[in-house]
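This report concerns only the one structure given below.
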Amino acid sequence: MTAPAPNFAEVDVSAWIGSYPFRDVPHPDPEVLVRVLERERVARAWVGWLPSAWQRDPSAGNARLLSALAPWRDVLDPAPAVRPDWPGWMTELAKQADAGAAAIRVYPAQWGLGPGHPALSELAHACHSAGLPLHITVRVEDVRQRHPHDVAGDVPAATVRALARANTGCTLVISGAGRELIEEVAWGLTPGERALVWFDFGWVWGPPDDHFAQLVRGLGSGQLVHGSQWPLRLVQQSRALVSLLPADVVVRLPLPRPKHHLETSAG
Amino acid sequence: MSDTSDGLDRPARGTDRESPLIAPDASRRPLAGDAPLIDVHAHFHTDRSGRSDWAMYNISRLRAGERIGLDAHVASVLGSWGHASPTYFPSPDDLTYANQWMRAFAQRDAARAKPADQRLFAYVAVNPNHAAHAVQEIRTGVDQGAVGIKLAASRKADDALLDDIAAEAARHGIPILHHVWQDRRREWPNQDASDGVELGRLAARHPNTQLLLAHIGGGGDWAHTLHAVRDLPNVHVDLSGSGIDRGMVDATIEALGASRVLWAADLTLCTGLTKAWALDAIGLPPGALDDVRWRNAVRLFAQATFSHHGEVLVA
Chain W
1293 MTAPAPNFAE VDVSAWIGSY PFRDVPHPDP EVLVRVLERE RVARAWVGWL
1343 PSAWQRDPSA GNARLLSALA PWRDVLDPAP AVRPDWPGWM TELAKQADAG
1393 AAAIRVYPAQ WGLGPGHPAL SELAHACHSA GLPLHITVRV EDVRQRHPHD
1443 VAGDVPAATV RALARANTGC TLVISGAGRE LIEEVAWGLT PGERALVWFD
1493 FGWVWGPPDD HFAQLVRGLG SGQLVHGSQW PLRLVQQSRA LVSLLPADVV
1543 VRLPLPRPKH HLETSAG
Chain D
882 MSDTSDGLDR PARGTDRESP LIAPDASRRP LAGDAPLIDV HAHFHTDRSG
932 RSDWAMYNIS RLRAGERIGL DAHVASVLGS WGHASPTYFP SPDDLTYANQ
982 WMRAFAQRDA ARAKPADQRL FAYVAVNPNH AAHAVQEIRT GVDQGAVGIK
1032 LAASRKADDA LLDDIAAEAA RHGIPILHHV WQDRRREWPN QDASDGVELG
1082 RLAARHPNTQ LLLAHIGGGG DWAHTLHAVR DLPNVHVDLS GSGIDRGMVD
1132 ATIEALGASR VLWAADLTLC TGLTKAWALD AIGLPPGALD DVRWRNAVRL
1182 FAQATFSHHG EVLVA
């Protein structure tokens, strides 16, 4: 009897359920995600409600998210969205923390929150107090294919740097960043600031340009986590990148879960 | 050739024009599985690419190909990749040099290989604005072993200047791999990019020419392309590109049929591997999976002799 293969990652930090406004996405449903996680040897997923990024008030989407995930909470953790320039956001954050959120999602590009916007640091402070990481999506689609109405653009590195420098103590999880943004952020922070920023790396290029290998050589893999952006993207990409690393570059598996406030303060 | 401990087959009389080859590695199970796999959209760099790491780029491509389990790279060099003339508007001199370099690289690989074990195959890349040069370059290339024509974005695909090239392709029985921007809604810098509709017009004018629409995942709206070329049986689609939209691979095969879809990687072998795994996950019938992985390439590139573990592949 052979031992089961080890997990590829402890958590997929960047999954969603729900529909996408700009194209049809096949069955973006929690029961499908659970099967995909099992197939890909990923223990759990932080799951957001995809339509929330384009809705003015994300609270209704958060309610639908919790309801949809209820049968699957042994594997799927809610990552609800909180819009920090919307009335009552602190109440919404507290409600979601009580409901067992694993992280809080924010969409600065879609909600018009630019670099240094005070609402973002207020949200990060509040997340830190609640013991929750703050999850930021840099992009959900390649800029070359976006719908004409999708004009939000990518979250710039300056937004992430400003937030990381705001001394909130909050763990930041950055999803959808390429090599340039990751390096710009990482090398633009003090080591202490950088320690609180985690990156999923599914948008980084592998061979033959080997951006991922160069990234790991330069920064190490200690702040890298698995994020698939399912159901928009194929989930195998992070595994492909790790599998194709040159022999001199090693990434420890399973890819870890980002440490958040409680773990880091305990250490 | 000396097979060195670092896995590189270096030329006995190395020059700075030559790129090391990679010794085949049968020690590990291929990441994409044991079945044949052909990359019909590959690129290499030369010493005139203007990047000091050009040879490392080539080594990386070959190494990753070995790890994935590629049986063949069908490859082109786009002139000087912007160094001496623009990537998508390459000069005749840059193209001639690049095409000769690519054929020499493939021939060195063939000389290294056992019979029926060649891994590198050359396109001949041309710029339709230099019509006479393009036709001559194709004839020279085919005489010297090129197996296809590569058109980038020097002219729109439906331009009359492409007619002679398309006719030349049909005459030699070789396909044209054409750079395509999926649903180009505006002009993009540095290229005269075509979309599926424009390539479709060329296909309709040349029904005996086989066209390979490049990188369905290479930017733009791939769904637009599927509608544009669905009814054109001489248009085939390669799956390459950095885009890994979920649903794209399934929709492409559903729209065109597995017999018109070819696996490829282009500039990102990582997304190529992801799509190879996705092909497994979506549960294609075995025949259809083989079509996409290698059989369509064998059919389309009639001038190439592809092999798998020393056995010639027959469609």
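One line per chain: the protein sequences are W and D, in this order.
Our numbering runs 1292 ahead of the 1-based position in the first sequence.
Our numbering runs 881 ahead of the 1-based position in the second sequence.
Cβ atoms here follow ideal geometry from the backbone N, Cα and C, with glycine treated the same way.
Keep in mind the model is a prediction, meaning the values are calculated, not measured.
Identification of residues in the segment 1404-1420 of chain W having a C-beta nearer than 7 Å to some C-beta of chain D yields an empty set. DSSP places W/R1331 within a helical segment (H, G or I) once states are collapsed to three.
Here W/L1537 is not bridged, per DSSP, to any residue. Between D/L1148 and D/F1187, the alpha-carbon positions lie close to 22 Å from each other.
Excluding sequence positions up to five before and after D/H1060, its CB lies within less than 6 Å of the CB of A1033, A1034 and A1095, all in the same chain and listed in chain order. In the three-state reduction of the DSSP assignment, D/K1156 falls in the helix class, which pools H, G and I.
D/S900 is positioned such that its CB atom lies no closer than 7 Å to that of W/P1499.
Counting of Cβ neighbours within 10 angstroms places D/S930 among the buried residues, the total reaching 16 or more. One thing to note: D/V1005 has its Cβ no nearer than 7 Å to the Cβ of D/L1143. In this structure, W/D1446 lies away from W/R1457, with their beta-carbon atoms at least 7 Å apart. If you keep only unbroken beta strand (DSSP E) runs of at least 3 residues inside the segment 1398-1454 of chain W, you get 1426-1429. Membership of D/H954 in the beta strand (DSSP E) is indicated by the continuous run A953 to S957. Within the segment 1102-1155 of chain D, the runs of beta strand (DSSP E) that reach at least 3 residues and sit entirely inside it are, in chain order, 1116-1119. Chain W has a Cβ within less than 7 Å of the Cβ of D/S941. Under DSSP, W/H1518 takes part in a beta bridge, and its partners are W/D1304. With respect to chain D, the C-beta atom of W/D1502 has a partner C-beta closer than 7 Å. Relative to the Cα of W/D1304, the nearest Cα in the group W/D1316, W/G1340 and W/A1360 belongs to W/G1340.
Look at W/W1364 here: in three-state DSSP terms it is helix. Three or more Cβ pairs drawn from the segment 1407-1424 of chain W and the segment 1460-1468 of chain W lie within less than 8 Å of each other, which places the two stretches in contact. Contact note: W/V1317 reaches chain D through R1127 and G1128, using a C-beta cutoff of 8 Å and chain order.
Using a CB distance below 8 Å, the part of the segment 1103-1123 of chain D facing chain W consists of W1103, A1104 and S1123, ordered along the chain.
In the structure shown, the three-state DSSP call for D/S1188 is strand. Contact between the segment 1496-1512 of chain W and the segment 1432-1439 of chain W is absent, with fewer than three C-beta pairs closer than 8 Å. Within 8 Å of the CB of D/A936, no CB atom of chain W is found; the nearest one sits about 11 Å away. With contact defined as three or more Cβ pairs closer than 8 Å, the segment 1373-1382 of chain W and the segment 1322-1334 of chain W are not in contact.
Residue state for D/R942 is assigned as helix, using DSSP reduced to three classes.
DSSP places W/D1321 in no beta strand (DSSP E); its state is neither H nor E. DSSP places D/H1096 in the coil class of the three-state scheme, outside both helix and strand. DSSP places D/H1087 outside any beta strand (DSSP E), giving it a letter other than H or E.
Straight through space, the alpha carbons of W/R1356 and W/R1348 are spaced by roughly 15 Å. The alpha carbon of W/G1406 has as its nearest neighbour, out of W/A1371, W/A1395, W/D1377 and W/S1421, the alpha carbon of W/D1377. Contact between D/Q1063 and D/G1101 holds, with the beta-carbon distance rounding to 3 Å and staying under 8 Å. In this structure, D/V1007 sits away from D/M983, with a CB-CB distance that is not shorter than 7 Å. Taking 7 Å as the CB threshold, W/D1390 stays off the interface with chain D. Around the beta-carbon of D/K995, fewer than 16 other beta-carbon atoms lie within 10 Å, marking it exposed. Proximity of W/R1436 to chain D, defined by a Cβ-Cβ separation below 7 Å, is satisfied.
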